[in-house]
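Undergrad: Numbering (full-length UniProt numbering), first residue to last: 1 to 603. Sharing a structure with you now.
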Amino acid sequence: MIVALSGVQLFISESRTTADLHAASEIIGRLASIAAEVFATTPDGTVIFPAATDSMLSTGDAYDSTVAVPNRVAALVPAGSGARVAAEAATAVRERWARWVRDTIGRDVATPGMPSVQWVSVPADKGGYAAQWSLATETIAARKRVRDFPGDGQCVWPGSRLCAQSPRWPAEDDRPAGAPSHETDTLSAANWVKRLWGRESEGRAGFPSTSSIASAPYRRMVMDRLGDDDIRRAAAALRDAVQALTRVRESRVHGLDVSPNAEHAGLARWLAESAGPWVYPNAWDSRRLRREYGRGDRDKRDFGRLAGVGRRAASSLARALDPARPSGLEPPAYLAVIAQDLDGMGRFLSDTASMSAVMHRQISARLSRLADTQRAALGNRRLFGVPVYTGGDDLLAFTPAATALAAARECHRLVPLDALPTASTAVLFFHNGSSLRRAVTEVARLLHDAKDSHPDKHALAVGFLRRSGTRESTIQPWKPAPEVATALPPDGTAADLLAVFTVETAGQHLSPRLLNELTRDADEFTDQHLPQELYEAELARLVKRHGGVPADGKALACLGYLERAGRPPSGDRRRTPERAARVAVFLRQECRPLPPYSNETKG
Numbered sequence: 001m002i003v004a005l006s007g008v009q010l011f012i013s014e015s016r017t018t019a020d021l022h023a024a025s026e027i028i029g030r031l032a033s034i035a036a037e038v039f040a041t042t043p044d045g046t047v048i049f050p051a052a053t054d055s056m057l058s059t060g061d062a063y064d065s066t067v068a069v070p071n072r073v074a075a076l077v078p079a080g081s082g083a084r085v086a087a088e089a090a091t092a093v094r095e096r097w098a099r100w101v102r103d104t105i106g107r108d109v110a111t112p113g114m115p116s117v118q119w120v121s122v123p124a125d126k127g128g129y130a131a132q133w134s135l136a137t138e139t140i141a142a143r144k145r146v147r148d149f150p151g152d153g154q155c156v157w158p159g160s161r162l163c164a165q166s167p168r169w170p171a172e173d174d175r176p177a178g179a180p181s182h183e184t185d186t187l188s189a190a191n192w193v194k195r196l197w198g199r200e201s202e203g204r205a206g207f208p209s210t211s212s213i214a215s216a217p218y219r220r221m222v223m224d225r226l227g228d229d230d231i232r233r234a235a236a237a238l239r240d241a242v243q244a245l246t247r248v249r250e251s252r253v254h255g256l257d258v259s260p261n262a263e264h265a266g267l268a269r270w271l272a273e274s275a276g277p278w279v280y281p282n283a284w285d286s287r288r289l290r291r292e293y294g295r296g297d298r299d300k301r302d303f304g305r306l307a308g309v310g311r312r313a314a315s316s317l318a319r320a321l322d323p324a325r326p327s328g329l330e331p332p333a334y335l336a337v338i339a340q341d342l343d344g345m346g347r348f349l350s351d352t353a354s355m356s357a358v359m360h361r362q363i364s365a366r367l368s369r370l371a372d373t374q375r376a377a378l379g380n381r382r383l384f385g386v387p388v389y390t391g392g393d394d395l396l397a398f399t400p401a402a403t404a405l406a407a408a409r410e411c412h413r414l415v416p417l418d419a420l421p422t423a424s425t426a427v428l429f430f431h432n433g434s435s436l437r438r439a440v441t442e443v444a445r446l447l448h449d450a451k452d453s454h455p456d457k458h459a460l461a462v463g464f465l466r467r468s469g470t471r472e473s474t475i476q477p478w479k480p481a482p483e484v485a486t487a488l489p490p491d492g493t494a495a496d497l498l499a500v501f502t503v504e505t506a507g508q509h510l511s512p513r514l515l516n517e518l519t520r521d522a523d524e525f526t527d528q529h530l531p532q533e534l535y536e537a538e539l540a541r542l543v544k545r546h547g548g549v550p551a552d553g554k555a556l557a558c559l560g561y562l563e564r565a566g567r568p569p570s571g572d573r574r575r576t577p578e579r580a581a582r583v584a585v586f587l588r589q590e591c592r593p594l595p596p597y598s599n600e601t602k603g
């Protein structure tokens, strides 16, 4: 039997905040767990996917609650009971969702298409396990192509306001009980469940915001330098400004841990748990502060004054970190969203040569272990990763801009190629004040394009979205062929090639001004009659002119040859590294690590 939840990616992507995104992922994971529990408690029932693991359980912190359950569940049950048990599992999923809606809204509300549950049951007389699996996967794929339309006018709402996040549903007329007063979004019942998910847990910190993720390395630097009197005073002034406004805290980004014996541990904990958005001077806008933190007409606080105090405190902290600069050391403006997916998982599971229930359960266990190891890796202090979901076969996570490629490289490295298929990855950099929904949609498109770039897939897509709307992306094979990537070490990856403008050689960097010449001379470089030797010689000349070394020229040539696996987009016959160079220049401008510091306090 297979029970599948459809429309998962749409429900997850219809999110305005990182908290919405994580809540949607956790909701889907919980619903899949309910189906798995029905199968597991059936006498003589065996769950094939997912593997039973403690990681299905939720913990106290928002993003420590693992959502590693896939959106489909497969199981074996005694002959003759398949249809009944599958129907029971589907009913249990729908009833649990209806209960969550009822608990949130205070009444029953129809949410057509959420959850969308399909199931198939293959009788025991259809051959052995391999034949049953093949028929089940083909049938569930066909079933998912059949759309269900509930009757009684449940899909028609004439004259109703539509939900701002999910316009396929009508918005609720009133905010649910318990919703914060600053929540002014027009949301449907399904989206209110998402928005308020987990808020009933006393003491549970909120999921880190985009600003908190982007600023994590910056706050780590402040925490490590609290022994400096000027920095400590500036950080304390920022804390006082924030606490006059709110005492809301978020889950601590991994990497911002505080030793109980650390000097100034209280201030350090506040920096880790509450300072994330407030280190940005532009966060202190009086109108936004009143809208989000005002307590109605009875609130007599002067939000203009509070905003001014906070803005000055954030700016003072930046100047204390780097007094040599007029504006000081400003926090990073960008972060990244990373998506990873195993290649050809359906074909891998349908390998008839060795297919059996035992083999599938072993694969399920491998995926569970991979999810755990990737989650642990993202929590490394040097990466500051914040996973949204880690399912083994797929992954979605956020990191600060400076650590994104290292995090993607590590998650890719952890995939055991002797036991699982290869993985394709997409990394998208975006401004912490930009639309989260657009970023999540864009990284999904990048991942699709990466997989589509070569028959063997196994690709890395890296792109950026500037707040101005400027965008670019490059798609490269994760492991470039050695005969092409002559500038790479044996264990090098495409991510290393993209550091061409960032790596310092003999005390100097390759100048980003090279990009202007690559763009200007694009027509000449794309001349199909230009011999390869002359093309590479001219590229090397330009690189040298802009402060680079021969290895930089080889890296750029490799990036050009391998762009989209050597198959340029329709109408674009370029073999120049213009796309990759534009991404590499962005990495230098917006994703460089914070400068080293000396006055470090350890604790």
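Positions of the beta carbon are idealized from the N, C-alpha and C atoms, including for glycine.
Quick check on the burial criterion: 16 or more other C-beta atoms within 10 angstroms. Buried or exposed for Val-117?
TA: Start at 1 with the first residue of the sequence shown, and residue 117 comes out as number 117. Classification of Val-117: buried, given that the 10 Å Cβ count is 16 or more.
Undergrad: Per DSSP, Phe-49 is paired with what?
TA: For this step, residue 49 is matched to residue 49 along the sequence shown. DSSP lists Ala-74 as partners of Phe-49.
Undergrad: Between Arg-288 and Pro-115, what straight-line distance do the alpha-carbon atoms span, to the nearest angstrom?
TA: Stepping through the sequence shown from its first residue, residue 288 is reached at position 288. Stepping through the sequence shown from its first residue, residue 115 is reached at position 115. Spanning the two alpha carbons is a distance of roughly 35 Å.
Undergrad: Need the endpoints of the alpha helix (DSSP H) that Gly-553 sits in, please.
TA: Your numbering for residue 553 matches position 553 in the sequence shown. Unbroken alpha helix (DSSP H) run through Gly-553: 550-562.
Undergrad: With the cut-off set at 7 Å, would you say Pro-593 and Ala-402 are in Cβ contact?
TA: Start at 1 with the first residue of the sequence shown, and residue 593 comes out as number 593. Start at 1 with the first residue of the sequence shown, and residue 402 comes out as number 402. Yes, the pair counts as a contact, with Cβ atoms nearer than the cut-off.
Undergrad: Return the CA-CA distance between Arg-239 and Leu-267, expressed in angstroms with no decimal places.
TA: For the purposes of this step, residue 239 is taken as the residue at position 239 of the sequence shown. For the purposes of this step, residue 267 is taken as the residue at position 267 of the sequence shown. Using only the alpha carbons, I get a separation of about 8 Å.
Undergrad: Need the endpoints of the alpha helix (DSSP H) that Glu-538 sits in, please.
TA: In the sequence shown, counting from the first residue as 1, residue 538 sits at position 538. 532-545 is the span of the alpha helix (DSSP H), which, as asked, contains Glu-538.
Undergrad: DSSP has Ser-368 in a bridge; who is on the other side?
TA: Reading the sequence shown from its first residue, position 368 is the one you call residue 368. None; Ser-368 has no bridge partner.
Undergrad: Given a threshold of 16 other Cβ atoms within 10 Å of its Cβ, counted over all protein chains shown, does His-182 qualify as buried or as exposed?
TA: Numbered from 1 along the sequence shown, position 182 holds the residue referred to as residue 182. Its Cβ having fewer than 16 others within 10 Å, His-182 is exposed.
Undergrad: Among the candidates Pro-170, Ile-213 and Arg-161, whose CA atom is the shortest distance from the CA of Ala-19?
TA: Indexing the sequence shown from 1 puts residue 19 at position 19. Out of Pro-170, Ile-213 and Arg-161, Ile-213 has the C-alpha closest to the C-alpha of Ala-19.
Undergrad: For Arg-467, which of Ala-439, Pro-489 and Ala-485 has the nearest alpha-carbon?
TA: Here residue 467 refers to the residue found at position 467 when the sequence shown is read from its first residue. If we check each option's Cα against that of Arg-467, Ala-439 comes out closest.
Undergrad: Alpha carbons only, please: which of Cys-558, Gly-346 and Val-253 is nearest the one belonging to Ala-376?
TA: If you number the sequence shown from 1, residue 376 lands on position 376. Ranking Cys-558, Gly-346 and Val-253 by Cα distance to Ala-376 puts Val-253 first.
Undergrad: Can you tell which of Ala-83, Thr-470 and Trp-278 has the C-alpha that lies nearest to the C-alpha of Val-122?
TA: Here the question's residue 122 lines up with position 122 in the sequence shown. Checking every option, the nearest Cα to that of Val-122 belongs to Ala-83.
Undergrad: Give the straight-line distance between the Cα atoms of Thr-601 and Leu-271, rounded to the nearest whole angstrom.
TA: The residue labelled residue 601 in the question sits at position 601 within the sequence shown. The residue labelled residue 271 in the question sits at position 271 within the sequence shown. Its pLDDT being 39, under 50, Thr-601 is placed unreliably in this model, and the value from its coordinates should be taken loosely. If you take the alpha carbons of Thr-601 and Leu-271, they lie about 15 Å apart.
Undergrad: Does DSSP put Arg-247 in a helix, a strand or coil?
TA: As a first step, residue 247 is located in the sequence shown; it is residue number 247 there, counting from the start. Three-state DSSP puts Arg-247 in coil, outside helix and strand.
Undergrad: So, helix, strand or coil for Thr-403, using DSSP?
TA: Along the sequence shown, read from residue 1 onward, the residue named residue 403 stands at position 403. DSSP places Thr-403 in helix when its eight states are reduced to three.
Undergrad: Could you round the C-beta distance between Arg-366 and Ala-419 to whole angstroms and report it? I think they count as a contact, below 8 Å.
TA: Stepping through the sequence shown from its first residue, residue 366 is reached at position 366. Stepping through the sequence shown from its first residue, residue 419 is reached at position 419. Contact holds; Cβ gap of about 5 Å.
Undergrad: Answer with buried or exposed for Thr-46, where buried requires no fewer than 16 other C-beta atoms within 10 angstroms of its C-beta.
TA: The residue labelled residue 46 in the question sits at position 46 within the sequence shown. Exposed is the call here.
Undergrad: Count the other C-beta atoms from every protein chain shown that fall within 10 angstroms of the C-beta of Glu-14, then say buried if there are 16 or more, exposed otherwise.
TA: As a first step, residue 14 is located in the sequence shown; it is residue number 14 there, counting from the start. Burial call: buried.
Undergrad: How about the region 511-527 and the region 484-491: do they share at least three Cβ pairs that are nearer than 8 Å?
TA: Result no; under three Cβ-Cβ pairs closer than 8 Å.
Undergrad: Give me the residue from Gly-80, Val-193 and Leu-428 with the minimum Cα distance to Pro-43.
TA: In the sequence shown, the residue the question calls residue 43 occupies position 43. Of Gly-80, Val-193 and Leu-428, the residue nearest in Cα terms is Gly-80.
Undergrad: Please classify Thr-519: does DSSP put it in a helix, a strand, or coil?
TA: Along the sequence shown, one-based indexing puts residue 519 at 519. If DSSP states are grouped into helix, strand and coil, Thr-519 belongs with the helices.
Undergrad: From the DSSP output, read off the bridge partner residues of Gly-206.
TA: What you label residue 206 is simply residue 206 of the sequence shown in a count that begins at 1. Its beta-bridge partners are Glu-250.
Undergrad: Would Asp-393 be called buried (16 or more neighbouring beta carbons within 10 Å of its own) or exposed?
TA: The count along the sequence shown starts at 1 and reaches residue 393 at position 393. Burial call: buried.
Undergrad: Could you compute how far the alpha carbon of Ser-570 sits from the alpha carbon of Phe-348?
TA: Stepping through the sequence shown from its first residue, residue 570 is reached at position 570. Stepping through the sequence shown from its first residue, residue 348 is reached at position 348. Residue confidence is low: Ser-570 scores 44 on pLDDT, short of 50, so the model does not pin down where it sits. No coordinate-derived value is stated.
Undergrad: For the 8 Å Cβ check, are there 3 or more pairs between the region 350-364 and the region 452-469?
TA: Taking 8 Å as the limit for Cβ pairs, the verdict is that the region 452-469 does not touch the region 350-364.
Undergrad: In the region 68-151, which residue ranges form an unbroken beta strand (DSSP E) of at least 3 residues, counting only runs that do not cross its ends?
TA: As far as the region 68-151 is concerned, its whole beta strand (DSSP E) runs of at least 3 residues are 72-76 and 116-120.
Undergrad: Would you check if there are 3 or more beta carbon pairs closer than 8 Å linking the region 297-307 to the region 165-185?
TA: Taking 8 Å as the limit for Cβ pairs, the verdict is that the region 165-185 does not touch the region 297-307.
Undergrad: Kindly indicate which three-state DSSP category Ala-581 falls into: helix, strand or coil?
TA: Within the sequence shown, residue 581 is the residue found at index 581, counting from 1. In this structure, Ala-581 counts as helix in the three-state DSSP scheme.
Undergrad: Could you give the DSSP three-state label for Val-222: helix, strand or coil?
TA: Counted from its first residue, the sequence shown places residue 222 at position 222. Helix at Val-222.
Undergrad: Pick helix, strand or coil for His-431, following the three-state DSSP scheme.
TA: For the purposes of this step, residue 431 is identified with residue 431 of the sequence shown, where counting begins at 1. Looking at His-431 - three-state DSSP - the assignment turns out to be strand.
Undergrad: I'd like the span of the alpha helix (DSSP H) that includes Val-279, first residue to last.
TA: Taking the sequence shown and counting its residues from 1, one reaches residue 279 at position 279. No alpha helix (DSSP H) holds Val-279; DSSP gives it neither H nor E.
Undergrad: Can the beta-carbon of Glu-188 be found closer than 7 Å to that of Ala-171?
TA: In the sequence shown, residue 188 corresponds to position 188, counting from 1. In the sequence shown, residue 171 corresponds to position 171, counting from 1. Here the sequence assigns Ser to residue 188, which means Glu is not the residue at that position. Against a cut-off of 7 Å, the Cβ pair of Ala-171 and Ser-188 comes out as a contact.
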